[in-house]
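Engineer: Line by line, the protein sequences are chains A and B.
No gaps in the numbering here: position 121 of the first sequence is 121 in the numbering used here, and each next residue is one more.
With positions in the second sequence counted from 1, the corresponding number in the numbering used here is that position plus 148.
Below you will find the structure I want to go over with you.
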Amino acid sequence: MTVDLHALYQEVVLDHNRQPRNFRAMQGGRKAEGFNRICGDRVTVHLRVEGDVIRDACFQGSGCAIVKASASLMTEHIRELTLADATALVERLRRTLSVPPGAPIDDLGALSALTGVRLFPIRIKCAVLPWEALLAALNARDEVVSTE
Amino acid sequence: MYLDNAATTHKPRVVIDRVARYYTEENASVHRGVHSLGERATDAYEGARERVARFLNAAETREVIFVRGATEAVNLVASTYGRTHVGPDDEIVVSEMEHHSNLVPWQILCDEKGARLRIIPITDAGELRMESYEQLLNDRTRIVAVAHVSNALGTVNPVAEVVRRAHARGIPVLVDGAQAVARMPVDVQELGCDFYAFSGHKLFGPTGIGVLYGRERLLDKMPPYQGGGGMITSVAFERTEYSALPLKFEAGTPHVAGALGLAAAIEYVTDLGLDRVRAHESALLDYGTGALSGVPGLRFTGTAANKAGILAFLLDGVHPHDIGTILDRAGVAIRVGHHCCQPLMARLRVPATARASLALYNTRDEIDTLAAALFEVREMFA
C-alpha cells in the first residue's frame with residue numbers, strides 16, 4: 001500500500017466506513033439528499049433542529065468508504081452546533097479540501113481524516129457530498145444536491 | 149497493467165502507423181475531385197470497407213456503413229429504419245443487460261412514436277430468459293435489439309437463436325457487437341442478423357470510427373440518416389437524389405484515417421487468428437475466475453455458461469469505487485461503476501460493480517497481480 005492510500009483510507013475513515021455512526025432514519029425534522037448520478041452515491045441527511053441548534057443528526061444511503069465516513073464523521077461533529085456555525089463549517093471544509101496537496105491547511109480536528117482526498121482530486125466530490133446535503137438541510141431545502 | 153479492455157483497447161503499432169501514413173502520404177478527401185491523391189485516398193478507404201466486409205463475412209461490401217461507433221450505428225438504425233417502421237403501440241424488444249447505447253436510442257424512438265419498449269429478462273447468472281423472450285414477440289414487435297456480448301457481465305448471448313425466433317415472425321434483429329468483435333470470429337450471415345454494430349476502438353482500432361452492417365434489402369429501403377455532401381447524386385432546390393449504398397448513409401467527409409486504422413486493426417487480429425484470440429481469452433478467463441474466487445467475500449456478477457473475458461465482481465463491505473482507487477495505486481486499471489448499464493445494475497440491486505476485462509495481450513501474471521491487489525483491499529477493509 002502506498003503512502004497516498006494510507007492518507008486517503010486512514011484508520012478513522014475505515015472505522016467509520018465499517019461502523020457508520022448515526023446511520024439511521026429520523027421521523028420529521030429537516031432533510032436533504034446528496035446524489036451523484038454518475039457514481040450512484042446517495043446520502044440523505046436528517047437534522048432535528050431546536051431553535052437554532054442542531055440537536056440530532058443522522059444519515060442513510062449508500063456509497064463508497066469516503067462518502068460513508070464523511071457522513072458519519074459529520075453527523076457526530078455537528079451535533080449541538082448552531083445553524084450558523086454548521087454553515088460556516090461546511091464552507092471551511094469545502095475550502096480546506098480544495099487546497100492542493102503539500103500546501104498548509106486548517107486543522108479540522110477530528111475531521112482532518114477527510115483531508116486525504118486532496119491527494120485524489122476525483123474523490124473530493126465524495127467527501128463533500130454529505131456536507132452539501134447538510135447545507136441544503138440547514139437551509140430547510142428538502143432537495144437533491146450533487147457534487148459531480 | 150491494463151484490464152479495462154471492454155472500455156477501450158490499446159492500439160498496436162501497425163494501427164498507429166497506418167493512421168500516420170494516411171496523414172503524411174495520402175491525405176485527401178474521398179469520393180471528390182479528380183486529382184490522383186484523392187483517388188489514392190478513395191481506393192484506400194474503399195479497400196478498408198472491403199476488409200471490414202470480409203471480416204464480418206458480409207454478402208456485399210456495400211452492406212458496410214462507416215459510422216462513428218456502435219452508438220451511432222444503433223442511432224442510425226433507430227432514426228431511419230425505426231422512424232419509418234415503428235408507429236403508435238408498436239413494440240421494440242431489448243434485453244435487461246443492454247448498454248445504454250442499445251437502449252436510449254430505442255427509448256427516444258418509442259417516446260416519439262408512442263411505441264413501447266419490451267424487456268427480455270435475465271437469469272441471476274446473467275443469461276437471457278429465452279422462454280420469456282419468445283413470449284414477448286408478437287404482431288406489434290417491429291425490431292429486436294440485443295448485445296452479442298454483455299459489457300457488464302461477459303455473457304455471450306445466443307444471438308443466432310434470438311434471430312431465428314424473431315425471423316420466424318418476420319421481425320428484424322439488430323446485434324450490438326461492440327464487445328464481441330475483438331473476442332471471437334463474427335459471421336453476420338451465420339448469425340443471420342439484419343444489422344450488426346461495432347466500434348473500432350474496442351477492436352484495437354482508432355476512436356471515432358465504427359461500423360454498421362446492414363442487410364442490403366433493408367438498407368436500400370431506409371431513408372438517409374444525415375443529409376449533406378457525399379450522400380447525394382444530384383441536388384436541386386426542388387428535389388435531391390440520394391447516392392446508392394453505402395454512401396447514402398455517409399454524409400460529409402468521412403473519418404478516412406479511422407477507417408484505414410480500423411482495417412489495419414482487423415488485419416492485425418485476423419493475422420493472429422480470432423480463434424486463437426478466443427482460446428487465449430477463454431483460458432485467461434478460467435484462470436482469472438479461479439484466482440479471484442480465492443479472494444474472501446468476492447462474488448462474481450455474471451456467471452453465464454458461455455462467457456467472454458470479462459470478470460465483473462463485488463467485494464463484501466467494499467464499495468467498487470474504493471476497489472478502483474486502491475487497484476489504481478497498485479498499477480492495475482479496471483473499471484468501476486455502472487458500466488453504462490443502469491437498468492442492469494438495478495436488476496442486480498447494486499449501485500456499481502468492479503470489472504476487469506481482458507484482451508489478447510493480457511497475461512496470467514497480470515491476473516496474479518490483480519488477485520494480489522484484491523487481497524490487499526480485503527486486508528485494508530477487514
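In this text, a Cβ means the ideal position worked out from N, Cα and C, and glycines have one as well.
What you are looking at is a predicted structure, and each value in this text was computed from that prediction instead of being measured.
(1) Nearest to B:V480 by CA position, among B:D513, B:A452 and B:Q490, is which residue?
(2) Starting from B:I474, find everything on chain A with Cβ-Cβ shorter than 7 Å and list it in chain order.
(3) May I have the straight-line CA-CA distance separating A:M26 from A:E50, to the nearest angstrom?
(4) Check whether the Cβ atoms of B:G230 and B:L257 lie closer than 7 Å to each other.
(5) For B:A119 versus B:V242, is the C-beta spacing smaller than 7 Å?
(6) Pick helix, strand or coil for B:K396, following the three-state DSSP scheme.
(7) With respect to the alpha helix (DSSP H) encompassing B:R264, which residues constitute its N-terminal and C-terminal limits?
(8) Assuming B:I414 is part of the alpha helix (DSSP H), what are its boundary residues?
(9) Taking A:L111 as the reference, give the member of A:V99, A:F35 and A:V13 with the closest Cα.
(10) Could you work out which residues of chain A lie near B:A500, taking near to mean beta carbons separated by less than 8 Å?
(11) Which residues, in order along the segment 97 to 126 of chain A, keep a beta-carbon less than 9 Å from a beta-carbon of chain B?
(12) In angstroms with no decimal places, state the Cα-to-Cα distance between B:P306 and B:M493.
(13) Along the segment 51 to 69 of chain A, where does the CB come closer than 7 Å to a CB of chain B? Name the residues.
(14) Reducing DSSP to helix, strand and coil, say where A:G40 ends up.
(15) Note down, in chain order, every chain B residue with its Cβ under 8 Å from the Cβ of A:L14.
(16) Below 8 Å, can you find three or more Cβ-Cβ pairs linking the segment 323 to 340 of chain B to the segment 295 to 310 of chain B?
(17) In three-state terms, what does DSSP make of B:F385?
(18) I need the DSSP call for A:H46, collapsed to helix, strand or coil.
(19) When you compare only the Cα positions, how much space is there between B:S430 and B:V163?
(20) Should A:N17 and A:A65 be called a contact, given that it needs their Cβ atoms to be closer than 7 Å?
(21) Give me the residue from A:R92, A:A71, A:V53 and A:L89 with the minimum Cα distance to A:T82.
(22) Just to confirm the assignment, what range does the beta strand (DSSP E) spanning B:A295 have?
(23) Under 7 Å between the Cβ atoms of B:R216 and B:G358?
(24) By Cβ distance, which residues of its chain are closer than 8 Å to B:V525, with the 5 residues on each side in sequence left out?
(25) Might you give, ordered along the chain, the residues of its own chain that have their beta carbon closer than 8 Å to the beta carbon of B:A399, omitting 5 neighbours on each side?
(26) Would you say B:R199 lies against chain A (beta-carbon separation less than 7 Å)?
(27) Return yes when the Cβ of B:A530 is within less than 7 Å of the Cβ of B:L459, no when it is not.
(28) Run through the DSSP bridge pairs and tell me what A:E33 is partnered with.
(29) Just reading off the beta strand (DSSP E) that B:F203 is part of, what are its end residues?
(30) With DSSP collapsed to three states, give me the class of B:L301.
(31) Please return the same chain residues whose Cβ sits closer than 8 Å to the Cβ of B:G274, not counting the five positions on each side in sequence.
(32) With contact counted as at least three CB pairs below 8 Å, one residue from each stretch, are the segment 131 to 146 of chain A and the segment 40 to 50 of chain A in contact?
(33) With distances taken Cα to Cα, identify the nearest neighbour of B:P333 among B:A384, B:E415 and B:E279.
(34) Confirm, please, whether the CB-CB distance from B:A192 to B:L185 is below 7 Å.
(35) With DSSP as the reference, label B:Y150 as helix, strand or coil.
(36) If I measure Cβ to Cβ from B:H486 and keep anything under 6 Å in the same chain, skipping five residues before and after, which residues do I get?
Structural biologist: For this structure:
(1) B:D513
(2) L5
(3) 15 Å
(4) yes
(5) With chain B covering 149 to 530 only, the question about residue 119 of chain B has no answer from this structure.
(6) helix
(7) Where B:R264 is concerned, there is no enclosing alpha helix (DSSP H), although the beta strand (DSSP E) it sits in stretches over R264 to I268.
(8) V404 to L420
(9) A:V13
(10) C39 and G40
(11) F120, I122, R123 and C126
(12) 22 Å
(13) S62, G63, C64 and A65
(14) coil
(15) M528 and F529
(16) yes
(17) coil
(18) strand
(19) 25 Å
(20) yes
(21) A:V53
(22) T289 to A295
(23) yes
(24) L463, V466, D470, I471, I474 and L475
(25) P372, Y373, Q374, G375, G376, G377, G378 and M379
(26) no
(27) no
(28) A:T44 and A:V144
(29) Careful: B:F203 lies outside any beta strand (DSSP E), inside the alpha helix (DSSP H) at S184 to L204.
(30) coil
(31) M245, S298, L301, G302, T303, T449, G450, T451 and A452
(32) yes
(33) B:E415
(34) no
(35) strand
(36) M493 and A500
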